[in-house]
Structure formats: structure tokens, C-alpha cells
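Below you'll find the structure, written out as C-alpha cells, and then a few comments.
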């Protein structure tokens, strides 16, 4: 098989080398890691759930379970998805060991070496890493503030010599771009894909994490839209709404896609941990999830507000971004004279890090962007981090002006 | 990619169909499932461990961890493996989501569609399922009471048109054959593979489960043998010594093999559950594992003794088996006039099930064997199960005599 080492833990490998050199340094302010906040995990709730499990259920935690998933968890998720408008009678749900495993299974199901995949540019680096590991050719389609660029997609569809097997997108609170697809763009996309036989992979890892309740309706899954002839595989994750340490995700697809996916999962890890599935199921069915989501939305919104205030206060006007309505990320655009990779080295020396834009570029080249993650950030460090970042950016701006 | 659906949960698919039809029937005595005993899981110990975790460690349970594994667990396992004679300075350990994931990773690392794998015949069905999913050609090499048949292996090595990428074996308490490789056979095998470039996969899922302390030395990993030029990948599992619900395993290999394996794992599920790894690490480092193993050895030995006594008392002399010294399985050999598949249907109707021999045959044909698993069996059901099995076998023997 084809194996290519892209990024381990969401950082470009060269950034990692720099980071390793510097890792002894204390007090590094990190906007890099796209992970939930350690201090926000529902530790007390899971303690309570574990303490209240009856002995028979506890024994079940230790045993093998069905490859497709722990039946009560499947049921709880189906109920959740129905509430989001998903038709669960015509779809099948497969529990996976994290949603990355779902992406891996889908890739193994559809991709042979050399097959073409369309992805957004920028794109979630974990997915790029999977696609590359299985030898796919990836074509990045640009996105803007409202979603994938329809003109660019249309052109690439006409231009490409082989039909892409699927298009992979993250319509809600995109990683790294932070944007959410507009209703209009969602429909345009489905219209274009309709009847082409190109499968749409809809990664919804962040959909529950809007900052404001009034924006909830914006996150409606594309898989719930009626009247289009598009085969959509929806992937969901517990990583952002419970904890990545549970390694729990799921995929929702047609029965045909599900059956092959189940066989592949059987050969990957037989089944997902019953222990983790049972705790997660109690978390949903015991009524813990919704209040926890309310807390998370408030906490992440506060962190974003602090970050946005600092960015507005300090950053030079040449640096721009689209304000996100949810999720974990701010995606800065730098003036063309500055490269994110050059900034990274200097920022690291000053004690602040981020992820460079090229990490998320299928071609690993575009370097005028950088991703700031505010999710796992102590509130009190945000302003200092922005001040440090700003000073480095200003230095680079000054130098580039001197050079011209 | 190549996808072939062999067996879900260790039963031949046609057996499953029969079993599904009958599943409404209460009181089925099952010698089928190769899983640990529900009543033996260390529920109390894990309760205690969970209750005693400090808050910081609990938070860590929820978070992402390194792809290679939770560092303290790697350390605990390294200490364990050193005690078994493994040189951990020249080897690297990768934590996997069950040892089946290790087999899957190794297969993905070395196998392209059409590549040749040598496996034992019979062979662990989960491994066969993985090899087939990735499109390997599998050649089964027979085993006898002392291990792989050296003459047959030598002949196949001379006969095969392409070099096998690896040989996959389970030297300790084989699934399904129950045997353990003799010291002589281990050395003969290493001698033959030496210098051929054929990698040896040593699956040691059952090595800790000898019935008698005096037999412990028999389970010494082949990877600890000195003086042979064979690249060995050792796989270990927590499924039989803690619980399959944890989905925890590991592989030990050269650094070169490890590095590619880590990249593949990164694309499979990013990392294994920190939650499960932290509990498992406390189970080892807190001193719970060794006493628990002592208990398991005693319990499984008792179940085997009960089963052996019933088999000796009831079964006709034409049915034979090699007494296992550990593990979960008794591998019955039937007279040539009887097919295990025919027995299966009748046994199911009588309320007792097992796994047919052909399930474990890479070519899915050899049908004169059946596997009885005594691990997850209530002690009081063993004799009744054997009586039912015997009556069906005797009927078939009588019929086959009438026909001749």
C-alpha cells in the first residue's frame, strides 16, 4: 500500500521539528492544537455515570460488542439525528473509533491508489493524511466565506480527466477556515453534484458548537436536504462534545455503503470499545449532553470573543479574517508579502505558536494563512499571545516594506 | 480496495445464518464464542482504579494522546516484556486499538493486492478476515501437536512462485487448535525463515493463560530467541487478560517497521483511547494484573478440566483431540465420515453450538474439525453441552455406518 507521512497531530512536519527543538521552553502560548479544552471535560458527569452503572452493564463494558456498534448507543444517536431532520429509516448508522476512522473506512471503501478525491482547500489535515495514506490524488477546491467556490468546483469537474470518487467537506465551522456554508451555497452544491454519481462526505464534527442559539438552524446537515440525487455520507464525532479520549464517532450512509463499511471496520478493529460506547450512551440518554453543550457553547464563545477583541485591538489592518459563528478556529489571512512559515519560526522563538496555512493545503504550498485555535486556551493567555504574534507580524511587515 | 466478507464475530457466515434463525431459542449452550468469561472480568478492580484516579489524570482520559500510545502504558508494557526476555532497546512498541488493529496495520504496511501470506491451517479467523479484506493470497500451512509442519512449510517455500511477505502464527495456545509450539519446533521454524526476508508475525494473545505455573516457560516469545536472522513482529492483547471491551493491543517491531506502522495508525484512528489506556496502565502498574492472571489461569483450567472429563466420558473413541495446556479451546477431530457443518445444523436444533472447522481454514473447505470454546461457559452447562453434542455425533456415526 501507499504510505505517506504528512502531519502527526495536526502540525506540519517541519513545524513539528521546530517545535521539538523548542519544547524545553516553558510557558509557550499555543494557538496550535485543535483540541477541546482540558478544563471543560465533563469529568464529574462521567464519574456520576460510572458510579451509577449496574453490575451487569459494567460487565458488558469489558466484553466484545457488535461491529456496527453498541445497540443502545445506535438508538440514542438515531434519536439525536432524527431531531436534526435525518431520515433514519433509509439510512444506517455505524459506530466508529473516532470520526477519523469513519473517514478511513470510507476512503478504503471507495479509493484505489491513484483515484481522485475532491477536497476543500484548505482542508482538515487528518482527512488529507488519510487520503494520502491510501494513495489518492487530491484536488483542492477553494472555499470562501459562504462555502465551497461553486465556479471553481464546476470548472474542476469539467477539467478533470477522471471522475472524483467523492467530495469531502466540513460545512459547519470549518477546520481550519472557521466558516459555515450558507443555505444558498449548500443548495448550489447539491444541485451541481446531483446525478453525477460523486459521493458527498459531510464531516460534521463541529456542528453542535455554534456560539449563539439563534444560529443553530444554520447547521442543518446537507444529508437532510430533499430533492437531490446525491449519495451523502455524514460523519459525526464525540471528540468535540464529550472528549477525543473516548475515540468515538459515527457515519450515516445508505445501507449498501454501510454493509461494506461494516466489513472494513471488522478488519480494522473488530468493534469499537464497549466501555466507551456505554459511557457515551449514558451521557446522551441520561440527559447530560444537552446541558453540557450549552456550557461548551458559552465557554467557547467567551474565548472567541476575547480572541476577537485582541485581534481587533492589536493586529495591523493588513491581516484579515472572517468572524466564525462557532467551532474552534480563526483563520488569519496575511498580506502577500509575508509567509506564515517564516512567522512561525519567529513566533516560536517569542513563545507563541499556531498552525501554518500550508498544513491544510492539499498541495502543501499556500502559505499566506495561519490557523489560531482558541479552544484549548487559558482565557488569560489570549491577549498576551496576540500581542506576541502581532509584534512578529509587524516586524515582518516592516522588513518587507524595507525590501521593496 | 479489495473487500471480502468472511466471518463476523468468529463464526462462519453460513453458521451465523443458521444461528440467527434459531436465536429466539432460549437456553442455547454455546461452545462457539472465543471470548473471555463475563463473570470473570475485574469489575471491582477497575472500579477501584477509576475511583482513585486524581483529577488531572481523569482529565487526561478525555483528551487526545500520542499516536504511538500513552507513554506510561508504553513504559509499563516495556517492563512487562523485558521480564519475558524481550530486548526493548532495539525494539519499538506501538499501542493499538486491539491486537486485530495491529494485524490490520501490519497487513496494510506490507501487503498489496495479490501478495502472498503464509498462515497456519487452521488459523485465527480474524486474521484471515483482515488478510482477505486487503486482497492477499493466503496459503495455509498445516500444524500438528508441536506447531507448524516444517516439511510442509519447506515444500511450500520451494513451490511458491512469489515470496510470501510474511508468515502469521499463534505459537501459544493456538486459536482454534489449542496447541503450543515445542521448543524444538520454534527453533526449526526460525532456522528455516532465517535469511529469507520473510517476516514472522507472532500473535501472542493467549500466552499468559497457561493452566499450570510449571508450563509458564513454554510460552517464551520467539522474538526473544537469539542468533536467527528473522524480522519478527510480536503482537499482544489486553482482550484476554483484562477485557476485549477495552480494545487494547500492541505490536513490537523494529524501529523501521514501527515508523511506517505509526503513520498507518495515524490514518486509521489517530490514537487509541486515552481513557482505556490510562485504566489499563493503572491495572498493570498498580499491581492488579498478576493476581488477576493467577485467578484467570485457575478458573480457565477448571473449566477445561470439566470439559475434558465430559469429553472423555461421553465422546465416542473415534473423536480425538490434543489436550491444550492453556488458552480457550479444544479442537476436536471427527472421523472422516462426518462433516462438522452437518453436525452444526443438528446441534443447533438440539440447543448446543460450536464453530465449524472450515471457518478457520484459509480455503474454507476442511470440515472434519470443530472448535469448542470453554472460556465463556457456565461450569454447570459443560456436561450437558457435551451430552447433546455426543448424541448428535453418535447419530451421524450410526447413519454413516448404515450408508457404507
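Chains as they are written, first to last, in my numbering: chain A, 425 to 828; chain B, 425 to 828.
Even for Gly, the Cβ is constructed at its ideal location relative to N, Cα and C.
Small disclaimer: the values here were computed from a predicted structure and weren't measured.
Can you confirm whether residue i, when its beta carbon is compared against all beta carbons of chain A, has any partner nearer than 9 Å?
{"i": "residue 448 of chain B", "result": "Note on residue 448 of chain B: pLDDT 49, under 50, position unreliable in the model; no value is reported."}
{"i": "residue 675 of chain B", "result": "no"}
{"i": "residue 479 of chain B", "result": "yes"}
{"i": "residue 763 of chain B", "result": "no"}
{"i": "residue 484 of chain B", "result": "yes"}
{"i": "residue 538 of chain B", "result": "no"}
{"i": "residue 460 of chain B", "result": "yes"}
{"i": "residue 620 of chain B", "result": "no"}
{"i": "residue 699 of chain B", "result": "yes"}
{"i": "residue 809 of chain B", "result": "no"}
{"i": "residue 578 of chain B", "result": "no"}
Flag residue i as yes if its beta-carbon sits less than 9 Å from any beta-carbon of chain B, otherwise no.
{"i": "residue 777 of chain A", "result": "no"}
{"i": "residue 633 of chain A", "result": "no"}
{"i": "residue 466 of chain A", "result": "yes"}
{"i": "residue 713 of chain A", "result": "no"}
{"i": "residue 476 of chain A", "result": "no"}
{"i": "residue 553 of chain A", "result": "yes"}
{"i": "residue 558 of chain A", "result": "yes"}
{"i": "residue 695 of chain A", "result": "yes"}
{"i": "residue 691 of chain A", "result": "yes"}
{"i": "residue 493 of chain A", "result": "no"}
{"i": "residue 489 of chain A", "result": "yes"}
{"i": "residue 729 of chain A", "result": "no"}
{"i": "residue 463 of chain A", "result": "yes"}
{"i": "residue 407 of chain A", "result": "Nothing about residue 407 of chain A can be read from this structure; chain A reaches only from 425 to 828."}
{"i": "residue 625 of chain A", "result": "no"}
{"i": "residue 822 of chain A", "result": "no"}
{"i": "residue 688 of chain A", "result": "yes"}
If contacts are defined as beta-carbon pairs under 8 Å, then residue i and residue j qualify, I think. What distance do you get, rounded to the angstrom?
{"i": "residue 778 of chain A", "j": "residue 758 of chain A", "result": "That pair is no contact at about 11 Å."}
{"i": "residue 648 of chain B", "j": "residue 504 of chain B", "result": "Between residue 504 of chain B and residue 648 of chain B the Cβ distance is about 13 Å, and since that is not below 8 Å, they are no contact."}
{"i": "residue 774 of chain A", "j": "residue 743 of chain A", "result": "Contact flag wrong, Cβ pair sits at about 17 Å."}
{"i": "residue 525 of chain B", "j": "residue 673 of chain B", "result": "6 Å"}
{"i": "residue 460 of chain B", "j": "residue 667 of chain B", "result": "7 Å"}
{"i": "residue 551 of chain A", "j": "residue 527 of chain A", "result": "5 Å"}
{"i": "residue 807 of chain B", "j": "residue 734 of chain B", "result": "5 Å"}
{"i": "residue 623 of chain A", "j": "residue 653 of chain A", "result": "With a Cβ gap of about 12 Å, residue 623 of chain A and residue 653 of chain A do not count as contacting."}
{"i": "residue 479 of chain A", "j": "residue 467 of chain B", "result": "7 Å"}
{"i": "residue 519 of chain A", "j": "residue 493 of chain A", "result": "3 Å"}
{"i": "residue 565 of chain B", "j": "residue 576 of chain B", "result": "5 Å"}
{"i": "residue 605 of chain A", "j": "residue 571 of chain A", "result": "4 Å"}
When the Cα atoms are used, what is the spatial distance from residue i to residue j?
{"i": "residue 621 of chain B", "j": "residue 530 of chain B", "result": "15 Å"}
{"i": "residue 464 of chain B", "j": "residue 804 of chain B", "result": "16 Å"}
{"i": "residue 543 of chain B", "j": "residue 609 of chain B", "result": "16 Å"}
{"i": "residue 822 of chain B", "j": "residue 762 of chain B", "result": "10 Å"}
{"i": "residue 473 of chain A", "j": "residue 632 of chain A", "result": "22 Å"}
{"i": "residue 772 of chain A", "j": "residue 553 of chain B", "result": "47 Å"}
{"i": "residue 534 of chain A", "j": "residue 592 of chain B", "result": "28 Å"}
{"i": "residue 809 of chain A", "j": "residue 749 of chain A", "result": "22 Å"}
{"i": "residue 717 of chain A", "j": "residue 636 of chain A", "result": "12 Å"}
{"i": "residue 600 of chain A", "j": "residue 523 of chain A", "result": "17 Å"}
{"i": "residue 458 of chain B", "j": "residue 645 of chain B", "result": "22 Å"}
{"i": "residue 768 of chain B", "j": "residue 820 of chain B", "result": "11 Å"}
{"i": "residue 691 of chain A", "j": "residue 688 of chain B", "result": "14 Å"}
{"i": "residue 664 of chain B", "j": "residue 726 of chain A", "result": "46 Å"}
{"i": "residue 516 of chain B", "j": "residue 657 of chain B", "result": "10 Å"}
Tell me, please, which residues DSSP counts as bridged to residue i.
{"i": "residue 750 of chain A", "result": "A:634"}
{"i": "residue 744 of chain A", "result": "A:757"}
{"i": "residue 543 of chain A", "result": "A:564 and A:592"}
{"i": "residue 516 of chain A", "result": "A:677"}
{"i": "residue 661 of chain A", "result": "A:673"}
{"i": "residue 572 of chain B", "result": "B:567"}
{"i": "residue 656 of chain A", "result": "A:624"}
Where the region 639-671 of chain B meets chain A: residues whose CB sits under 7 Å from a CB there: 667, 668, 669, 670 and 671
Interface residues of the region 500-528 of chain A facing chain B [CB-CB below 7 Å]: Using a CB distance below 7 Å, the part of the region 500-528 of chain A facing chain B consists of 521, 522, 524, 525 and 528, ordered along the chain.
Residues within the region 738-758 of chain B neighbouring chain A, beta-carbon criterion of under 8 Å: none
Contacting positions in the region 541-552 of chain A - beta carbon closer than 7 Å to chain B: From the region 541-552 of chain A, only 550 have a Cβ closer than 7 Å to chain B.
Residues, ordered as in the chain, of the region 774-804 of chain B that lie near chain A by beta-carbon distance below 8 Å: none
Within 8 Å of chain B by C-beta, residues of the region 584-601 of chain A in sequence order: none
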